[in-house]
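A.B. asks: My questions all concern the structure below.
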Amino acid sequence: MTTVDSTPTTSDLVQPSSFQIVLTTESAAYIVVALVAILLRVPALGVAPLDPSEAAQAIAAANTVGATFPVEGTIDNVLGFGGTVLTFLISGPTNTGARLISTLAGLLLVFAPLLFRDRIGRFPTLITSIILTLSPLAVGTSRQSSGIALTMLATLLALAILWAYLDDPRRGKSRLWALGLALAVILLGDFSGLLVLFTLFLGALAAWFTDELGDLDSNQIQLELRRFPVAQVGLAFALSMLGLGTLFFLTPSGLGAVADQLGRLGQGFLGRPVGATYLGTVLAIYEPLILIFGLLGAWQAAQSAWLWQRFLAGWGFAALLIGLVFPGALPLHGLWTVVPLASLSGLYIADLLVHQREAQPAVPWLHALATILIIGTMVLNLANLIRQPTMFLFPPFAPPGEPTSQIPVEPLLIALELLFLIVAWFIAASVAGARSAWRGFSLGLLGLALIVAVGQSVSLAYVRPSQAYEPFHVAPAQPALHDLVAVIEEVSGTSAGHPRQVSITVPVDADPTLLWALRDFDNVAYVEVVNPTVQSTVVLTIDDGSDPLLGETYVGQDFVIVRRWTPRGLTASQWVDWALYRHGPLGLEQRVIVWITEDVYRLLDTSG
Numbered sequence: 052m053t054t055v056d057s058t059p060t061t062s063d064l065v066q067p068s069s070f071q072i073v074l075t076t077e078s079a080a081y082i083v084v085a086l087v088a089i090l091l092r093v094p095a096l097g098v099a100p101l102d103p104s105e106a107a108q109a110i111a112a113a114n115t116v117g118a119t120f121p122v123e124g125t126i127d128n129v130l131g132f133g134g135t136v137l138t139f140l141i142s143g144p145t146n147t148g149a150r151l152i153s154t155l156a157g158l159l160l161v162f163a164p165l166l167f168r169d170r171i172g173r174f175p176t177l178i179t180s181i182i183l184t185l186s187p188l189a190v191g192t193s194r195q196s197s198g199i200a201l202t203m204l205a206t207l208l209a210l211a212i213l214w215a216y217l218d219d220p221r222r223g224k225s226r227l228w229a230l231g232l233a234l235a236v237i238l239l240g241d242f243s244g245l246l247v248l249f250t251l252f253l254g255a256l257a258a259w260f261t262d263e264l265g266d267l268d269s270n271q272i273q274l275e276l277r278r279f280p281v282a283q284v285g286l287a288f289a290l291s292m293l294g295l296g297t298l299f300f301l302t303p304s305g306l307g308a309v310a311d312q313l314g315r316l317g318q319g320f321l322g323r324p325v326g327a328t329y330l331g332t333v334l335a336i337y338e339p340l341i342l343i344f345g346l347l348g349a350w351q352a353a354q355s356a357w358l359w360q361r362f363l364a365g366w367g368f369a370a371l372l373i374g375l376v377f378p379g380a381l382p383l384h385g386l387w388t389v390v391p392l393a394s395l396s397g398l399y400i401a402d403l404l405v406h407q408r409e410a411q412p413a414v415p416w417l418h419a420l421a422t423i424l425i426i427g428t429m430v431l432n433l434a435n436l437i438r439q440p441t442m443f444l445f446p447p448f449a450p451p452g453e454p455t456s457q458i459p460v461e462p463l464l465i466a467l468e469l470l471f472l473i474v475a476w477f478i479a480a481s482v483a484g485a486r487s488a489w490r491g492f493s494l495g496l497l498g499l500a501l502i503v504a505v506g507q508s509v510s511l512a513y514v515r516p517s518q519a520y521e522p523f524h525v526a527p528a529q530p531a532l533h534d535l536v537a538v539i540e541e542v543s544g545t546s547a548g549h550p551r552q553v554s555i556t557v558p559v560d561a562d563p564t565l566l567w568a569l570r571d572f573d574n575v576a577y578v579e580v581v582n583p584t585v586q587s588t589v590v591l592t593i594d595d596g597s598d599p600l601l602g603e604t605y606v607g608q609d610f611v612i613v614r615r616w617t618p619r620g621l622t623a624s625q626w627v628d629w630a631l632y633r634h635g636p637l638g639l640e641q642r643v644i645v646w647i648t649e650d651v652y653r654l655l656d657t658s659g
């Protein structure tokens, strides 16, 4: 009789887990991208005061959830307004809540290229996400209450849905309901939605006209257009416009805001908004990486046999062209160009970085390092030439009494560095070939462009989030608004025993930034005209150069609450100084005077 030992062994007790988490290099890279994107977009989101446009929409949203502002406010973009209403319902009216939807859309936009990962490749997709993460314009639009990020996110979603339908009409047909929704979001997100759709149309035309291999058959295209379920997409679009435009009938006036957006588009053809910097200048200042490598990628993709790449090239060219010629384009509309050119940059940079068989593989990287150092030194010398040039006497050993001239050193150094740049290229070409030399030079430009992008993004997010000299800002509210509120809180604590209960009188036609800044005070009276009947402890008036007629003796202090500035009429040296250091002549200022009754003013601690 055979005895079987049923005692479990160690191997029986310890079973390998059937569930394992495998972290690939690509996944780890996207985790890093997500962390960097969050760091550039989320912290200190509400520190910078809302500008007039943001404040007006925040007031409209706050009134919808029960606030009692004396003005209705204006809806700048329907979807942003709807998102602000939702955040205010959850967290109350705050600066962060007013910008949160745009921030979330900006974060999603960073990962939207994953929709096309199978089409453009894993590595180009990752590079595109990195570019969108670091793009100053993408960062700036994510930290401002606007709908342009939603519009561009919906644009990429619509493209993914439409392309899936073209690949497999049977499987893709069920997704066309989402296409109607995406089209509605494109139009409701920003007044430029129609222009965005027009750039897509131009991209499709470019792909057709560059079809040298004859892959596109006009008869087949006509057949597919007749088969396309227009009624299904149209119904989804109409229902989405009605539901999203009215917040599902919570705010029926939203449809009027849609008409207002179309009106803004029409006004945009008549001239540039006051305080808005020309979009071409904005792109040149903030996005040299995308302009250089995106256009190189567009030139390369336009010659591709792949329909998708030719469409992308046409879309990128069209978006750039429309942005340059449309007078009403705001700085944030640079995102039209950033999104397609980021993908084209990803394609080109991926080819640049992929290991190539070279006799001297280290030469391109050494050449790139030399390029970065030489061009960086040239920029520093140019900056010194503009701000404080180093002078030397010529002739240097002139006898006493002989006339001499002072000549700046920097132009000579710049010329010498340019010569070094050329010599470095020829050395690289002689060692490893011209192709390797051009690759090293391109890698150097890429490194410089990444440094510039990171610096500009950090500046927009943390260093100069409300400076008028930043071309991204149109009419930034100034940090002095915080000082204004702090002064009133100090007065309230002294006179009323509570920081928010002092009596305040404000003109009803004051700038929305001021009305929004006073939202937490409990005892605010709004008047048409400030006159001697006013009895408030604090009176706020617009600084028009004359003192108001007040009933009691008041002491006043002025605060700059909004600034507007554009780089117009600058000399060459002023332009370079502004581009490098954000310095320039004074622009338009909007000031408010805080008047405090003299008896309360005497009680304040004015030692500081």
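Position one of the sequence shown corresponds to residue 52 (the working numbering), numbered consecutively onward. For every residue, glycine included, the Cβ atom is placed at its ideal position computed from N, Cα and C.
1. Distance check for residue 320 and residue 496, CA to CA, integer angstroms please.
2. Less than 8 Å between the C-beta atoms of residue 97 and residue 146, yes or no?
3. Would you decide whether residue 127 is buried or exposed? Buried here means 16 or more other CB atoms lie within 10 Å of its CB.
4. Span of the alpha helix (DSSP H) holding residue 174?
5. Exposed or buried, which one is residue 59 when buried takes at least 16 other CB atoms within 10 Å?
6. Could you work out which residue in 202, 337, 78 is closest to residue 499 when comparing CA atoms only?
7. Ends of the beta strand (DSSP E) at residue 605?
8. Please report how far the alpha carbon of residue 289 lies from the alpha carbon of residue 283, in whole angstroms.
9. In this structure, what does DSSP give as the bridge partners for residue 641?
10. Measuring straight from C-alpha to C-alpha, what distance separates residue 392 and residue 552?
11. Using only the alpha-carbon positions, how far apart do residue 490 and residue 186 sit?
12. Can you list, in chain order, the residues of its chain with a C-beta nearer than 6 Å to that of residue 594? Leave out the 5 residues immediately preceding and following it.
13. With a 10 Å radius around its C-beta and 16 neighbouring C-beta atoms as the bar for buried, classify residue 384 as buried or exposed.
14. Do you know offhand how far residue 562's Cα is from residue 377's?
15. Does the Cβ of residue 445 have 16 or more other Cβ atoms within 10 Å, making it buried, or fewer, making it exposed?
16. Assuming contact is defined by CB atoms lying nearer than 8 Å, are residue 584 and residue 651 in contact in what I supplied?
17. Using three-state DSSP, classify residue 215 as helix, strand or coil.
18. Pull up the distance between the alpha-carbon of residue 623 and that of residue 435, whole angstroms please.
19. Within 10 Å of its beta-carbon, does residue 529 have 16 or more other beta-carbons around it, so buried, or fewer, so exposed?
20. At a cut of 8 Å, does the segment 349 to 358 reach the segment 198 to 216 through at least three beta carbon pairs?
21. Assign residue 61 to one of two classes, buried (16 or more other C-beta atoms within 10 Å of its C-beta) or exposed (fewer than that).
22. How about residue 111 and residue 161: are their beta carbons less than 8 Å apart?
23. Using a Cβ distance threshold of 8 Å, determine whether the segment 197 to 214 contacts the segment 239 to 252, with at least three qualifying pairs required.
24. Scan the segment 198 to 260 and note each continuous beta strand (DSSP E) run of 3 residues or more that stays entirely inside, going in chain order.
25. With a cut-off of 8 Å on the beta carbons, I'd call residue 286 and residue 374 a contact; round off their distance for me.
26. Of the residues 195, 556, 366, 387, which one's Cα is nearest the Cα of residue 135?
27. Note down the Cα distance separating residue 123 from residue 416, rounded to an integer number of angstroms.
28. Around the Cβ of residue 537, are there at least 16 other Cβ atoms within 10 angstroms (buried) or fewer (exposed)?
29. Of the choices 469, 400, 437, 598, whose alpha-carbon is the least far from that of residue 349?
30. With DSSP as the reference, label residue 519 as helix, strand or coil.
31. Helix, strand or coil for residue 546? Go by DSSP, reduced to three states.
32. Exposed or buried, which one is residue 210 when buried takes at least 16 other CB atoms within 10 Å?
33. Which residues does DSSP pair with residue 646 in a beta bridge?
34. Does the beta-carbon of residue 468 have 16 or more other beta-carbons within 10 angstroms, so that it is buried, or is it exposed?
35. Per DSSP, residue 577 is paired with what?
36. For the structure I just gave you, are there three or more beta carbon pairs, one from the segment 102 to 109 and one from the segment 560 to 580, closer than 8 Å?
C.D. replies: On the basis of the coordinates in this document:
1. Note on geometry: alpha-carbon atoms of residue 496 and residue 320 lie some 36 Å from one another.
2. In this structure, residue 146 lies closer than 8 Å to residue 97 by Cβ.
3. Residue 127 should be labelled buried.
4. For residue 174, the enclosing alpha helix (DSSP H) begins and ends at 173 to 185.
5. Unreliable placement is indicated for residue 59, whose pLDDT of 47 sits below 50; no coordinate value is reported for it.
6. Comparing Cα-Cα distances from residue 499 to each of 202, 337, 78, the minimum goes to 337.
7. 605 to 615 is the extent of the beta strand (DSSP E) around residue 605.
8. Distance between the alpha carbons of residue 289 and residue 283 is about 10 Å.
9. The partner list for residue 641 (beta bridge, DSSP) reads 613.
10. Their backbone Cα atoms lie some 52 Å apart in a straight line.
11. Spanning the two alpha carbons is a distance of roughly 23 Å.
12. Residues 609, 642, 644 of the same chain have their beta carbon placed closer than 6 Å to that of residue 594, with the five preceding and five following residues left out of the count.
13. Classification for residue 384: buried.
14. In a straight line, the C-alpha of residue 562 is about 28 Å away from that of residue 377.
15. Exposed, by the Cβ-count rule.
16. With respect to residue 651, residue 584 sits apart: the two C-beta atoms are not nearer than 8 Å.
17. If DSSP states are grouped into helix, strand and coil, residue 215 belongs with the helices.
18. Answer to the nearest angstrom: the Cα atoms are 14 Å apart.
19. Counting other Cβ atoms within 10 Å of its Cβ, residue 529 reaches 16 or more and is therefore classed as buried.
20. In this structure the segment 349 to 358 does not lie against the segment 198 to 216, because fewer than three pairs of beta carbons, one per stretch, are closer than 8 Å.
21. Reliability of the predicted coordinates at residue 61 is poor, the pLDDT of 44 falling under 50, and no value is obtained from them.
22. Taking C-beta atoms as the reference points, residue 111 and residue 161 fail to come closer than 8 Å.
23. A contact exists between the segment 197 to 214 and the segment 239 to 252.
24. None, since the segment 198 to 260 contains no complete beta strand (DSSP E) of that length.
25. Residue 286 to residue 374, Cβ: 33 Å. No contact.
26. The closest CA to that of residue 135, considering only 195, 556, 366, 387, is found on 195.
27. Straight-line measurement puts the Cα of residue 416 at about 59 Å from the Cα of residue 123.
28. Counting the other Cβ atoms within 10 Å of the Cβ of residue 537 gives fewer than 16, which makes it exposed.
29. Of the listed residues, the one whose Cα sits closest to residue 349 is 400.
30. For residue 519, the secondary structure class from DSSP, reduced to helix, strand or coil, is coil.
31. The answer is helix: DSSP assigns residue 546 an H, G or I state.
32. Under this definition residue 210 is a buried residue.
33. In the DSSP output, where bridge partners are listed per residue, residue 646 has 590, 607.
34. Taking every protein chain shown into account, the CB of residue 468 has 16 or more other CB atoms within 10 angstroms, so this residue is buried.
35. DSSP output for residue 577 lists 557 as bridge partner(s).
36. In short, these stretches touch, since the Cβ pair count reaches three.
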